[in-house]
Amino acid sequence: DWHLKENARDHHTSKFSSKELIVRRGQAFIVTFNGTEQPEQNLTFIAETGPKPSKLAKTQATFGISSTVSKESWSAVLQSTSSNSVSISISSPPNAVIGRYKLSVQSTSSGSSSPASLGTFVLLFNPWSSGDDVFMPNKAECEEYVLEEFGIIFAGNKNRINSFGWNFGQFQGDILNICLSMLDRSLNYRQDPATDVSHRNDPKYLGRVLSAMVNANDDQGVVLGNWSGKYEGGKSPSSWTGSGEILQNWKKSGFKPVKYGQCWVFAAVLTTVLRCLGIPTRTITNFSSAHDADGNLRVDEFYDASGNHLNRTADSIWNFHVWNESWFSRSDLGPSYSGWQVLDATPQEESGGIYQCGPASRNAIKEGDVDLDYDCPFVFAEVNADCMYWNYDPATGKKTLIFSQPTVIGQFISTKAVGRDDRVDVTNDYKYEEGSTKERDIFKKARKKLGLEDKFDPTAPTPQEIDQKPDISGKFKVAGPLAVGKDLNLILVLANLQSDAKTVHANMTAWSTVYTRRPVHEIWKDSISVTLSPKEEKQFPIKIPYTEYQQQLTTDNTIQVTALCHVEGGIQVLVQRDITLDNPTIDIQVLGEAKVNKEVDVEVIFTNPIDTEVMDCVLQVEGNDLLRGILEIDIPPLKAGEKSSTKFKLTPFETGPKHLLVNFSCDKFADIKTFKMVNV
1 DWHLKENARD HHTSKFSSKE LIVRRGQAFI VTFNGTEQPE QNLTFIAETG PKPSKLAKTQ
61 ATFGISSTVS KESWSAVLQS TSSNSVSISI SSPPNAVIGR YKLSVQSTSS GSSSPASLGT
121 FVLLFNPWSS GDDVFMPNKA ECEEYVLEEF GIIFAGNKNR INSFGWNFGQ FQGDILNICL
181 SMLDRSLNYR QDPATDVSHR NDPKYLGRVL SAMVNANDDQ GVVLGNWSGK YEGGKSPSSW
241 TGSGEILQNW KKSGFKPVKY GQCWVFAAVL TTVLRCLGIP TRTITNFSSA HDADGNLRVD
301 EFYDASGNHL NRTADSIWNF HVWNESWFSR SDLGPSYSGW QVLDATPQEE SGGIYQCGPA
361 SRNAIKEGDV DLDYDCPFVF AEVNADCMYW NYDPATGKKT LIFSQPTVIG QFISTKAVGR
421 DDRVDVTNDY KYEEGSTKER DIFKKARKKL GLEDKFDPTA PTPQEIDQKP DISGKFKVAG
481 PLAVGKDLNL ILVLANLQSD AKTVHANMTA WSTVYTRRPV HEIWKDSISV TLSPKEEKQF
541 PIKIPYTEYQ QQLTTDNTIQ VTALCHVEGG IQVLVQRDIT LDNPTIDIQV LGEAKVNKEV
601 DVEVIFTNPI DTEVMDCVLQ VEGNDLLRGI LEIDIPPLKA GEKSSTKFKL TPFETGPKHL
661 LVNFSCDKFA DIKTFKMVNV
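Numbering-wise (the UniProt record's numbering), the sequence shown opens with residue 1 and increments by one.
What follows is the structure in structure tokens.
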């Protein structure tokens with residue numbers, strides 16, 4: 001008798017729906033044997049894991065019954081005996097290898113040599129245990145970062161942060177087995193299974209291996225990335241609402257990568273896997289996130305004379321980027337670097353020859369200690385890189401610096417609050433205040449550690465270029481709603497900063513982009529010439545009709561508007577703005593009280609806000625403990641302005657606060673998402 005219920009309750013594993021014992025390391029669990037005639041002193045237990053269990057590699061343990069629990073090794077203590085049964089409390093050390101174990105017992109007195117198998121159990125990390133590397137003293141944080149299956153992911157851009165719900169679903173049906181098979185499909189396991197398994201006691205090792213396995217690069221991992229704006233042959237990255245479907249599809253297809261993902265999908269899947277294994281983990285969104293491909297802590301962007309954003313370099317500044325933080329100690333670096341560690345499963349740059357990233361200590365990033373393991377320079381650049389904008393002439397290959405910005409990268413770094421559906425800003429945990437001397441000192445320290453201070457960089461702008469002052473300033477102001485289906489109204493504001501008149505020729509473009517600011521389609525272009533009197537400010541209204549951008553918009557609903565201003569006798573000025581258009585809203589109503597095992601009606605309401613018919617409407621619904629799997633409902637076409645009401649039934653099977661996630665798509669609007677908390 002494995003005492004599944006009691007052990008699960010004591011080990012915080014009750015949410016797993018398994019017939020197998022699932023326990024956490026460094027903590028005792030009870031088993032009872034019936035029909036043992038042996039005096040219990042003569043019993044020896046064997047716990048083993050992996051393909052080649054060995055005592056040396058700590059993947060096999062042999063232990064008899066003792067009077068006390070050992071902190072350093074596996075042990076068994078007698079709990080109680082009766083005429084035909086014996087109950088034994090088995091403890092594993094807090095640094096035991098995690099994974100699936102076989103447990104056998106051998107009687108030393110009867111002379112029988114072959115041990116009897118008792119079955120298998122799964123051992124996980126234990127954030128509730130003070131001896132564990134992943135120990136998290138705050139219980140509310142353990143609840144959120146290990147046991148919570150619902151998350152909120154922040155997206156949009158720094159001017160307009162939006163968010164959507166995600167179903168991590170780490171305790172669903174087969175997810176634990178899929179996570180364990182993920183470890184057995186890693187490159188490390190394929191190269192040397194026994195050594196790989198012996199390292200599975202170490203959260204830094206597992207975090208790094210899993211950051212590689214969640215992306216498909218190198219190892220036929222879980223999710224295939226696609227940033228093209230075209231997603232034929234798979235599901236568009238923005239259509240997913242949870243990790244369960246992705247992980248199950250990966251397994252069902254015989255472990256072929258699932259199409260397609262972008263950064264939040266990689267981060268959400270990694271959150272699911274790490275929470276499932278017991279490592280406290282959360283998703284982090286960084287706005288204006290730098291992808292510094294050449295490691296010089298500088299991101300270069302190039303524009304042609306017409307103001308088109310050129311794809312000339314691997315450097316880029318994403319509207320937002322999502323990665324993970326996991327909580328564990330860093331015995332390799334020292335206590336001041338323990339705590340939150342950055343892991344990133346999005347395949348951006350190779351590390352050690354494969355697409356993996358982290359764990360990078362968040363404290364090391366803040367202090368500029370970029371020489372520490374793992375991948376600190378890349379993460380440091382994501383939140384701190386300096387930004388250089390250049391004008392590039394393809395005919396001559398000549399580049400001219402337009403301007404540089406040291407404070408634009410790494411803003412509003414966000415994560416979900418503990419126990420609430422709110423945004424928490426953690427920017428100050430990544431860096432000192434922008435513009436402060438401390439922040440610039442740390443930046444210099446990082447450059448020095450990377451050897452960038454001493455060597456001449458021919459691609460860098462000269463101090464004279466950096467110090468040059470423009471004669472005019474410009475900005476795009478929003479003049480109307482930013483909504484898909486509405487015309488886009490902006491105002492280009494140009495101001496003469498000098499006390500003599502200036503003539504300006506401005507070339508303007510608007511492109512649809514993906515959230516990484518990669519241009520996909522040109523939507524609009526125009527140019528103006530104007531003379532500005534001394535200190536004069538002028539406004540130029542811009543209107544981009546819905547009919548012009550509708551066909552070109554990507555599922556990210558993002559448009560980049562640029563004006564490259566050529567000032568006679570002065571330096572060029574680049575004005576740009578990244579715009580994220582809001583989708584229309586959908587509304588969920590739960591009609592009645594939600595009770596366990598009782599049907600309750602749910603109504604989803606959507607009104608078509610545009611003056612043409614929308615077709616191919618599909619509603620996708622999921623929610624842990626509210627319904628099994630994913631519900632898909634086809635909705636008839638909606639005429640201009642028409643309102644649709646869709647009803648379906650739920651039968652909740654657990655009490656407590658649950659989240660229902662809804663995704664609505666049609667031919668004119670992609671992936672309108674919302675969620676509703678349902679108190680069962």
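We treat Cβ as the ideally placed atom computed from N, Cα and C, and that holds for glycine.
Option nearest residue i by Cα separation, candidates the options
i: residue 201; options: 188, 134, 219 and 169; result: 134
i: residue 244; options: 446, 565 and 179; result: 179
i: residue 295; options: 405, 370, 222 and 606; result: 370
i: residue 204; options: 463, 103 and 329; result: 329
i: residue 524; options: 507, 77, 665 and 531; result: 507
i: residue 449; options: 169, 364 and 474; result: 364
i: residue 19; options: 636, 521, 174 and 170; result: 174
i: residue 390; options: 303, 413 and 397; result: 303
i: residue 612; options: 584, 599, 641 and 67; result: 641
i: residue 670; options: 630, 581, 307 and 598; result: 581
i: residue 442; options: 529, 218, 297 and 256; result: 297
i: residue 366; options: 381, 257 and 352; result: 381
Rounded separation between residue i and residue j - CA only
i: residue 410; j: residue 516; result: 14 Å
i: residue 624; j: residue 194; result: 36 Å
i: residue 650; j: residue 273; result: 27 Å
i: residue 574; j: residue 131; result: 55 Å
i: residue 632; j: residue 620; result: 5 Å
i: residue 480; j: residue 266; result: 35 Å
i: residue 505; j: residue 456; result: 36 Å
i: residue 80; j: residue 32; result: 9 Å
i: residue 422; j: residue 500; result: 50 Å
i: residue 27; j: residue 5; result: 16 Å
Interface flag, residue i vs chain D, CB-CB below 9 Å
i: residue 533; result: The structure shown has no chain D; it contains just one protein chain.
Three-state secondary structure (DSSP) of residue i
i: residue 138; result: coil
i: residue 448; result: helix
i: residue 24; result: strand
i: residue 535; result: coil
i: residue 106; result: strand
i: residue 684; result: Any question about residue 684 goes unanswered here, given that the chain covers just 1 to 680.
i: residue 388; result: strand
i: residue 646; result: strand
i: residue 260; result: strand
i: residue 293; result: coil
i: residue 687; result: In the structure displayed, the chain extends from 1 to 680; residue 687 sits before or after that span and is not available.
i: residue 546; result: helix
i: residue 209; result: helix
i: residue 231; result: coil
i: residue 436; result: coil
i: residue 374; result: coil
i: residue 128; result: coil
i: residue 33; result: strand
i: residue 615; result: coil
i: residue 497; result: coil
i: residue 519; result: strand
i: residue 699; result: Any question about residue 699 goes unanswered here, given that the chain covers just 1 to 680.
i: residue 364; result: helix
i: residue 541; result: strand
Cβ shell of residue i (< 6 Å), same chain only, five flanking positions each side left out
i: residue 3; result: 30
i: residue 527; result: 507
i: residue 189; result: 196
i: residue 279; result: 125, 134, 203 and 326
i: residue 424; result: 415 and 417
i: residue 338; result: 329 and 330
Assigned exposure category for residue i - 16 Cβ within 10 Å defines buried
i: residue 140; result: exposed
i: residue 679; result: exposed
i: residue 377; result: buried
i: residue 437; result: exposed
i: residue 464; result: exposed
i: residue 284; result: buried
Residues of its chain near residue i, where Cβ-Cβ distance is below 7 Å and the 5 sequence neighbours each way are ignored
i: residue 684; result: Past the edges of the chain, shown from 1 to 680, lies residue 684, and the structure says nothing about it.
i: residue 170; result: 149, 272, 275 and 276
i: residue 474; result: 492, 493, 494, 563, 565, 573 and 575
i: residue 667; result: 614, 615 and 616
Contact set for residue i: own chain, Cβ-Cβ below 8 Å, skip 5 residues either direction
i: residue 71; result: 93, 94 and 131
i: residue 533; result: 496 and 501
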